[in-house]
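In the numbering used here, the protein residues as written are 232 to 448.
Written below as structure tokens is the structure these notes are about.
And the structure:
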């Protein structure tokens, strides 16, 4: 597996070699040493069917296939970079534009959020401005996520679901269900509420990654 090393909070260094290939966001390479090759990938680690699904879903972030022998440095738009380690059996659910780099060994898929949340999943996409479909990474390996201001990891347990502002949501992993909840009362209607009329409720067992901002990528 490639070694992911944080240079600082906004730059990441990744070792690349035989059997240690990665996919990175196009335009995210900052520098490299050695003989490292970058090739546009129409599938981003998925099969042709998965690539078509991504296009239909609106998950169109173009990825680069990074091969060769050396070290590459990545970053994007001065955003914070957080490394997530996945173990066998783990599945990470993440918006495609949040992905900076991930191991080529991870299985990439596309999931319709409405499958979990019903109408809530559909409304979530409309309210947050994020796609109704989202990207999944499964298997054992590493990936790096982009966020505004960094992320905090909040544990989700059956006894303690987590409510997240949809705009602050970055990703989640584990056996987690999501649904949109509303908190519209009299104070919200007359303009004295917090303005947080919708929250994304995540329940089950896992972790949710929440950014320190309500800004989109």
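Just so it is clear, CB atoms sit at the ideal spot from N, CA and C, and this is done for glycine as well.
If you're wondering where the values come from, they're calculated on a predicted model, not measured in any experiment.
Is it a yes or a no for the segment 310-323 touching the segment 365-377, going by three-plus beta-carbon pairs under 8 angstroms? Contact holds: three or more Cβ-Cβ distances are below 8 angstroms.
To which residues does DSSP link residue 311 through a beta bridge? Paired residues: 378.
Using the beta-carbon count (16 or more within 10 Å), is residue 319 buried or exposed? It is exposed - the Cβ of residue 319 has fewer than 16 other Cβ atoms within 10 Å.
Quick one: is residue 264 buried, meaning 16 or more other Cβ sit within 10 Å of its Cβ, or exposed? By the neighbour-count rule (16 or more Cβ atoms within 10 Å), residue 264 is not buried but exposed.
Would you tell me roughly how many angstroms separate the C-alpha atoms of residue 372 and residue 316, rounded to the nearest one? Residue 372 and residue 316 have their C-alpha atoms spaced approximately 6 angstroms apart.
Report, in whole angstroms, the separation of the C-beta atoms of residue 253 and residue 333, which I expect to be a contact under 8 angstroms. Beta-carbon to beta-carbon, residue 253 and residue 333 are separated by about 6 angstroms, close enough to satisfy the 8 angstroms threshold.
Which of the three DSSP states, helix, strand or coil, is assigned to residue 327? DSSP places residue 327 in the helix class (H, G or I) of the three-state scheme.
Can the beta-carbon of residue 293 be found less than 8 angstroms from the beta-carbon of residue 247? In this structure, residue 247 does not lie closer than 8 angstroms to residue 293 by Cβ.
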